[in-house]
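Under my numbering, the residue at position 65 of the sequence shown is numbered 68, and the numbers go up by one with no gaps.
Ideal placement from N, C-alpha and C gives every residue a C-beta, glycine not left out.
The structure presented is a predicted model; accordingly, all values stated were derived computationally and were not measured.
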Amino acid sequence: MTISELADSLRAVTEMMERARATTSGVVPQLAEAKAALLVVRQEPNGYNPVELDHAMAELGTAGDLIARARQSVMDYLMRL
């Protein structure tokens, strides 16, 4: 594999990582909406607590941050090629 081919492959990786980061960011508002709806339902004594959604939103935020850092690392490497 030539350096040019490697650079092209790494560029494709960074594009995929950016799409993954955007996807994780886009899901958080949907989870927040679901949580709001479930909080209304929670008023009935069914024992449900949407803490799991808080955890999911936090994990997605962490995933988005990790993806962004990994993408930046790949881009830094690309700049040195």
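Please state the DSSP three-state secondary structure of residue i.
| i | result |
| --- | --- |
| Leu13 | helix |
| Thr65 | helix |
| Leu2 | Absent from the structure is residue 2, since the part of the chain shown begins at 4 and ends at 84. |
| Thr5 | coil |
Is it buried or exposed, residue i, if we count other Cβ atoms within 10 angstroms and call 16 or more buried?
| i | result |
| --- | --- |
| Thr27 | buried |
| Ile70 | buried |
| Met20 | buried |
| Gly64 | exposed |
What's the gap between the Cα of residue i and the Cα of residue j?
| i | j | result |
| --- | --- | --- |
| Asp57 | Gly29 | 15 angstroms |
| Ser7 | Leu34 | 41 angstroms |
| Ala10 | Val31 | 32 angstroms |
| Glu62 | Ala23 | 14 angstroms |
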